[in-house]
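*Asks:* One point on numbering: in our numbering, the residue at position 20 of the sequence shown is 35, and numbering is uninterrupted.
C-beta atoms are modelled at their ideal positions from N, C-alpha and C, and glycine is treated no differently.
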Amino acid sequence: DLERQKQTRNQVFAQELGSLKDRERLLDEKFREALKRADKDDTRPFRNPLDID
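1) Take L50 and list the residues in its own chain whose beta-carbon comes closer than 6 angstroms to its own, dropping the five residues that flank it on each side.
2) Would you kindly work out how many angstroms separate the C-alpha atoms of K55 and K45, rounded to a whole number?
3) Could you give the distance in angstroms between the alpha-carbon of D43 and the alpha-carbon of R19?
Have a look at this one:
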């Protein structure tokens with residue numbers, strides 16, 4: 016029983032670790048894409064959406 020619990024714990028840990036790595040990769044891709052868009056759209060000045068009156 017203890018061995019089965021240990022295996023289950025290890026499986027859950029490995030799954031969570033893989034999920035975190037995938038999440039980190041996705042966030043990195045989104046960040047790089049946002050940087051590319053920010054570099055392309057350099058002609059217009061920044062407008063704060065809260066300042067629109």
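*Replies:* This is what the structure holds:
1) none
2) 15 angstroms
3) 36 angstroms
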